[in-house]
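Student: Pasting a structure here, questions to come.
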Amino acid sequence: MISAIETLPPELFRSIIAFLSPEDTSALAQTCHRMYIITRDDKIWQRYFLKRYTYTLSFPHYSNGEYLLSSALKTTEAVDGCTWQAYFAERSLQDKHIRSLLNEIITNRTNRISKADLISSKYGLLAFDVLKNYFSPTTDIFKQFNILITTATSRNLTREYYALDLARFISRNIGLTLLNEMKNQIEMPTEGKALINVLFIIQCFHPHGIFLSLNRLHSIGQRLINDRLFSSLTLHEKCQLIITTMKKENFLPASASNEYYDLENSFLFSTFNGKPTIPLTLVSIFCALADECGLVARPVGFPGEVMAQVEQPLDSSMPLIISVFDNKIMSLDDINERLANTIQTPLTYPLTITPMSDFVIRSARNMVHSIGRNTTSSLNSYGLYAAVSILKILGGDALPFAYDSMMNVLKEHFPMDIHFLEMLSSSMTNAFDELSQIRIQDANPLPIEEKRRKNSPPKFYVGQIFQHKQYNYWGVICGWDLSCAASPIWQVRMGIPNLVRGALQPFYHILADDFSRRYVAEDNINALAFTSIENKQDTHAIVEKLRSIDGIGKYFETVDIINARFIPNMELRSEYPDDFV
Amino acid sequence: MAEDKIKVATSDGGILEVDLYIAKQWQPVKLIYEVLDSTNVPENPIDLDAISTETLKKIIEWSNHHKQDEADSADNSENDRNHGEISPWDKTFFNIKQEMIFEIIVAADHLGMTELLDMGCKTVANMIKGKTPEEVRQTFNIPNDLPPLQTAQPITSNENQ
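Protein chains in written order, with the UniProt record's numbering: chain A, 1 to 581; chain B, 1 to 161.
Next up, the structure:
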């Protein structure tokens, strides 16, 4: 006896399966022999695979012909004679493993670092296809992935936090590996996409990491070449057109000195989001676009300046030198005039080719300089990490800051990056002991010290939303001490002795709506402010702002808007067991 | 012009009168009109073999209801195809015997009615979604002819082998 459904011809089954998830199709496959055969159509599984997975390699290959990461993105063939179905099944198993490791990291303090290491080394980029499903809808990364937004109520901030943290960790590891690869390369090409690929390696250390796509440059290039008039232009005109196009695409030169020395300029992310930038970056984009248009361009480094050198097809001994930053074609005299104060003898053709490692080190120096100029930027820890990685791996200058203060920053902001810290301290044996301590504690974490509410408990509790009485910013409490635990120097600087109760009152660790972390005296906290706001839109705006703080998920799981509080996650609850009732 | 009707013959010998406007959306009918190149109603009923009278009646019912939709969404059809939820009316429409749903799907495919085909397939897909293999078998009365290996759950680690 054949059931009604089995009378459907196979082609029509494909139409039905088109509306099923891979899991449903697997269930269907197990119902009977005929379904088993029908669902083995590999085209079905190819579709499922390409829909679910963006990355196909755990680690990108470096090649000058394409943008870094192109090698790891979608392929059109399944690997090595494997069927798409088997390939999909294998990835699903890997997904499961990654997901279970992620959950363990979230719920269990033991072996967090080694589990993170495992995901990074075993799966690399492949893990992103799992992690991206857990990112917060407010991050820029999220928008690039076009994921369907789940309802706001089901957001688990802690899971979002760890997923993003892991993704950044993997991203940094890939950056480190690529830097090491660079070091071992004897001869690196310098033209075309070379420089922008190198800047991309630096981008791996940015909080938005590897998710930046450089393919936009390819589309721009295609548009240029496909214009019928392009091939009839002279070399001068083509270069001019590229520069004009760059301006139209919002790749602009930075102006005022604050803008110029901004740490963001060392990362491609800001440039690709329209922030005006420095010559180094502009030249990298110019050379990539020139390459897309069939020209041969390479960056040339001068003291305080980077320009692009474009080969003349019929006379490569007289290349065009272009200052992309101020849109000027430079003659040799122009260059020598500009550099008169910084070089001994005037330059002559042919100009010496600047190796790629020089540009990376130059970028590291830029970052160090930027950090020094603006010590409060939240990007500084990432910049420090990148600069230190470059200088340590590729040589160049001695490490820029005092060893101890560097290590403190890095240990605080990047607790999972033990490998990296070990590499940094490889020449210092006492530091090594400290780091093995961290590893030991990872395997056997000390129990969390509980902070209980006994006599004279603090007025406010963890998770409460408040407004600062003096400075009027909004914040959420993520911890407290019964009296001020900061150093006397800090207390004097912050005017603590001027408070009515001075240092002998509860002090609260807080996250503020300007994305900073602060330590606030109880006298300065107004917890009624939030509940007294009538306008729902206003309260929602405040909550959204606080919820979008990078790192909020480290402490809290969700928000309870009605009661004006964030709900602490398990770890925070263990530390403050009496605060959450 | 809405008055124009055409006769079609079904697989079980029935003859139905259909609005020309609706019939002309059907592939076999379209083909005939293109071949004959005439705007006149043909004398003999057009043979729609493989589609039973009952099925065709249901299809005409659907077409009548969606007449307005066809005109409205002619431009949006590309985007709506895969994102279209099943409308309440369509849900009721498909609340029929399984065998009829499948016949409608086959017929819609034969007649080139992509939207009806999509709705039908989606309906069946919804009957499969979220179910275990055994539940799917029960829903559709599928006899289990798979050898034990293919129906087994993954072997758990505490089995003695």
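Think of the CB as a built atom: it goes at the ideal place given N, C-alpha and C, for glycine as much as any other residue.
My output table needs one value for Thr234/A: the three-state DSSP class, helix, strand or coil.
Tutor: Of the three classes helix, strand and coil, the one that applies to Thr234/A here is coil, per DSSP.
Student: Sorted by chain position, which residues of the same chain lie with C-beta nearer than 8 Å to Phe230/A's C-beta, five sequence neighbours on each side aside?
Tutor: So the list reads Leu224, Lys238, Leu241, Cys293, once near-sequence residues are dropped.
Student: Which first and last residues belong to the beta strand (DSSP E) in which Arg338/A is found?
Tutor: It is not in any beta strand (DSSP E) - Arg338/A instead sits in the alpha helix (DSSP H) that spans 332–338.
Student: Would you kindly report the start and end of the unbroken beta strand (DSSP E) that includes Ala107/B?
Tutor: Premise fails: Ala107/B lies in the alpha helix (DSSP H), 98–111, not in any beta strand (DSSP E).
Student: If you follow the beta strand (DSSP E) that Met307/A is part of, which residue opens it and which one closes it?
Tutor: Looking at the DSSP string, the run of the beta strand (DSSP E) that includes Met307/A is 305–310.
Student: Going by beta carbon distance, what residues of the same chain come within less than 7 Å of Lys122/B, once the five residues before and after it are set aside?
Tutor: These residues qualify, in order along the chain: Ile86.
Student: Pro568/A lies in the beta strand (DSSP E); which residues open and close that run?
Tutor: Where Pro568/A is concerned, the enclosing beta strand (DSSP E) stretches over 565–568.
Student: On the criterion of 16 or more Cβ atoms from any shown chain inside 10 Å, does Val500/A qualify as buried, or is it exposed?
Tutor: So Val500/A counts as exposed.
Student: Who are the near neighbours of Val339/A in its chain, counting only those whose CB is closer than 7 Å to its CB and skipping five residues on each side?
Tutor: The sequence given here has Leu at residue 339/A, not Val. Once the five neighbours on either side are set aside, the close Cβ partners of Leu339/A are Phe302, Pro303.
Student: Within this structure, are the beta carbons of Val8/B and Leu48/B separated by less than 8 Å?
Tutor: It is a contact, given that the beta carbons lie within the stated cut-off.
Student: In chain order, what residues of the same chain have a beta carbon less than 6 Å from the beta carbon of Tyr508/A, not counting five sequence neighbours either side?
Tutor: Cβ within range, chain order: Ile477, Trp480, Val520.
Student: Spell out whether any CB of chain B is found under 8 Å from the CB atom of Ile225/A.
Tutor: Chain B contact via Cβ: absent.
Student: Measuring alpha carbon to alpha carbon, tell me which residue in Asn111/A, Ala486/A, Lys392/A, Phe325/A is nearest Met423/A.
Tutor: The residue with the shortest Cα to Cα distance from Met423/A is Lys392/A.
Student: Among the candidates Asn563/A, Pro313/A, Leu214/A, Thr244/A, whose CA atom is the shortest distance from the CA of Val324/A?
Tutor: The option with the nearest alpha carbon to Val324/A is Thr244/A.
Student: Relative to the C-alpha of Ile418/A, which residue among Ser427/A, Phe432/A, Thr345/A is closest?
Tutor: When each option's Cα is compared against that of Ile418/A, the closest is Phe432/A.
Student: Along the chain, where does the alpha helix (DSSP H) containing Thr558/A start, and where does it finish?
Tutor: Careful: Thr558/A lies outside any alpha helix (DSSP H), inside the beta strand (DSSP E) at 556–560.
Student: Determine the extent of the beta strand (DSSP E) in which Arg518/A is found, giving its start and end residues.
Tutor: Segment 517–521, the beta strand (DSSP E) holding Arg518/A.
Student: Name the two residues that bound the continuous beta strand (DSSP E) containing Val300/A.
Tutor: Where Val300/A is concerned, the enclosing beta strand (DSSP E) stretches over 297–302.
Student: Counting only the same chain and skipping the five closest in sequence on each side, list residues whose C-beta sits under 6 Å from that of Ser284/A.
Tutor: Counting only Cβ-Cβ distances below 6 Å, and skipping sequence neighbours, we find Leu195, Ile196, Leu199.
Student: Give me, in chain order, the residues of the same chain whose beta-carbon lies closer than 6 Å to that of Ser270/A; leave out the 5 immediate sequence neighbours on both sides.
Tutor: Answer for Ser270/A: Glu264, listed in chain order.
Student: Taking C-beta pairs closer than 8 Å, name the residues in chain B that Asp24/A reaches, listed in chain order.
Tutor: Those within 8 Å of Asp24/A in chain B are Ala125, Ile128, Lys129, Gly130, Lys131.
Student: Do Ile17/A and Ile44/A have their C-beta atoms within less than 8 Å of each other?
Tutor: Their beta carbons are under 8 Å apart, which means Ile17/A touches Ile44/A by this criterion.
Student: Kindly confirm or deny that the stretch 342–357 of chain A and the stretch 169–178 of chain A touch, where touching means at least three C-beta pairs closer than 8 Å.
Tutor: The stretch 342–357 of chain A, when compared against the stretch 169–178 of chain A, does not touch it at the 8 Å Cβ threshold.
Student: Out of Ala529/A, Lys545/A, Gln203/A, state which residue places its alpha-carbon closest to the alpha-carbon of Gly383/A.
Tutor: Closest by alpha carbon: Gln203/A.
Student: Using Cβ-Cβ distances below 8 Å, what residues of the stretch 245–274 of chain A are close to chain B?
Tutor: Against chain B - using a Cβ distance shorter than 8 Å - the stretch 245–274 of chain A contributes no residues.
Student: Within the same chain, show all residues whose beta-carbon is closer than 7 Å to that of Leu212/A, passing over the 5 residues directly before and after it, in chain order.
Tutor: For Leu212/A, where only same-chain residues beyond five positions count, the Cβ hits under 7 Å are Gln203, Leu268, Phe269, Phe272.
Student: In whole angstroms, what separates the C-alpha of Leu572/A from that of Leu446/A?
Tutor: Their Cα atoms are separated by approximately 15 Å.
Student: Is Asp538/A helix, strand or coil by DSSP?
Tutor: Helix at Asp538/A.
Student: How many whole angstroms separate the CB atoms of His413/A and Tyr261/A, which I take to be in contact at a CB cut-off of 8 Å?
Tutor: The pair is not a contact, with the Cβ atoms about 22 Å apart (cut-off 8 Å).
Student: Residues in its own chain within less than 8 Å of Asp4/B by CB, not counting five upstream and five downstream?
Tutor: Only Asp19, Leu20, Tyr21, Val41 meet the Cβ criterion.
Student: Return the bridge partner residues of His468/A from the DSSP annotation.
Tutor: Paired residue(s): Ile525/A.
Student: Put Ser323/A into one of helix, strand or coil per three-state DSSP.
Tutor: DSSP places Ser323/A in strand when its eight states are reduced to three.
Student: Quick check on Asn82/B: buried or exposed, where buried means 16 or more other Cβ atoms within 10 Å of its Cβ?
Tutor: With a pLDDT of only 45 at Asn82/B, under the threshold of 50, the placement of this residue in the model should not be trusted; the figure read from the coordinates follows. The residue in question, Asn82/B, is exposed, as its Cβ has fewer than 16 Cβ neighbours within 10 Å.
Student: Give the straight-line distance between the Cα atoms of Asn184/A and Ala288/A, rounded to the nearest whole angstrom.
Tutor: Rounded to whole angstroms, Asn184/A to Ala288/A spans 24 Å at the Cα level.
Student: From the DSSP output, in three-state form, read off Pro506/A for me.
Tutor: Reduced to three states, the DSSP call for Pro506/A is coil.
Student: Less than 8 Å between the C-beta atoms of Trp26/B and His65/B, yes or no?
Tutor: Not closer than 8 Å, so no.
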